[in-house]
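These notes concern the structure reproduced below.
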Amino acid sequence: MMIFRNVQGILTLFSLVLLFTFFIQPFPASACSCVRPPDPLTAKDQSAAVFTGKVLQVHERTDWLRWLPFWDRPERGGFDVIFEVQSTWKGVDQTQVQIVTSGLGGACGIPFQPGQEYLVYASYWELNELETNICTRTAIKSDAGEDLQALGAGAIPIRSANLVWNDYLFTGIVVMISVGILFYFFWYQTKRRR
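If you count by this note's numbering, then the sequence shown holds residues 954 to 1147, one letter each, in order.
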């Protein structure tokens, strides 16, 4: 009888683990492999945007929909980075711009740091967003002397833009929606009981 209970417990545990695996989405593995980037002027021609700027904010992208079972839309992880544009050579004419970089490590992302200044080479890739990675000539501005000399004087952005996210505003909106849903739920339950 004791052996039967142990076997039954093991089979139950195995069944739960097996059932749980149907809801796990595999994470694609990739390794970053780069060819040597071209010279600064060729890199400019091949890029959709080239500018220098100071990082204002870095936010990690989280695609919560990927956790839903059978969700087959491609996920886009990585980081959204907002820059205060200082000079521009191509593709950017506003004072702030958002760039996407992949995750760090094997995904070729750049570890942008708020407050740091960069020379950025970006292109439109998967989701029609400006993106950059370590395979481009993107670099910390103080290390990009050769590029800045080859590019010459850049233009000052002419259009004003404010892309900085206000975390308090976003949190406030989420709280208001949540309170509204709870209020409706309790109101509906009390109305239903009458």
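Note that CB positions come from ideal geometry on N, CA and C, so glycine has one too.
Query                                                                                                                                                                   : Result
I need the straight-line Cα distance from G1133 to A1114, nearest angstrom please.                                                                                      : 32 Å
Roughly how many angstroms separate the alpha carbons of A1106 and D1096, rounded to a whole number?                                                                    : 17 Å
Identify the continuous alpha helix (DSSP H) that holds E1098 and give its terminal residues.                                                                           : Note that residue 1098 corresponds to Gly in the displayed sequence, not to Glu. Note, G1098: alpha helix (DSSP H), G1098 to L1104.
Ignore the nearest five residues each way along the sequence and tell me which others in S1055's own chain have a CB closer than 6 Å to its CB.                         : G1031, C1061, G1062 and N1086
Whose C-beta lies closer than 8 Å to the C-beta of A1103 among residues of the same chain, with five residues either side of it excluded?                               : D992, P993 and L994
Which value, in whole angstroms, describes the spacing of the CA atoms of M1129 and L1101?                                                                              : 48 Å
Over the uninterrupted alpha helix (DSSP H) stretch that includes T995, give me the two end residues.                                                                   : P993 to Q999
Between Y1071 and V988, is the Cβ-Cβ spacing less than 9 Å?                                                                                                             : no
Counting only the same chain and skipping the five closest in sequence on each side, list residues whose C-beta sits under 7 Å from that of D1033.                      : H1012, R1014, Q1051 and V1053
Assign G1133 to one of three DSSP states: helix, strand, or coil.                                                                                                       : helix
Among T1091, D1046, I1035 and T1048, which has the Cα closest to the Cα of S1068?                                                                                       : In the sequence as displayed, the identity of residue 1068 is Gly instead of Ser. The option with the nearest alpha carbon to G1068 is I1035.
Would S1040 pass as a contact of F1065 if the rule is Cβ separation under 9 Å?                                                                                          : no
Evaluate Y1074 with the Cβ neighbour count: other Cβ atoms within 10 Å of its Cβ, from every protein chain shown; 16 or more gives buried, anything less gives exposed. : buried
Any idea which residues DSSP pairs A1002 with across the strands?                                                                                                       : A1075
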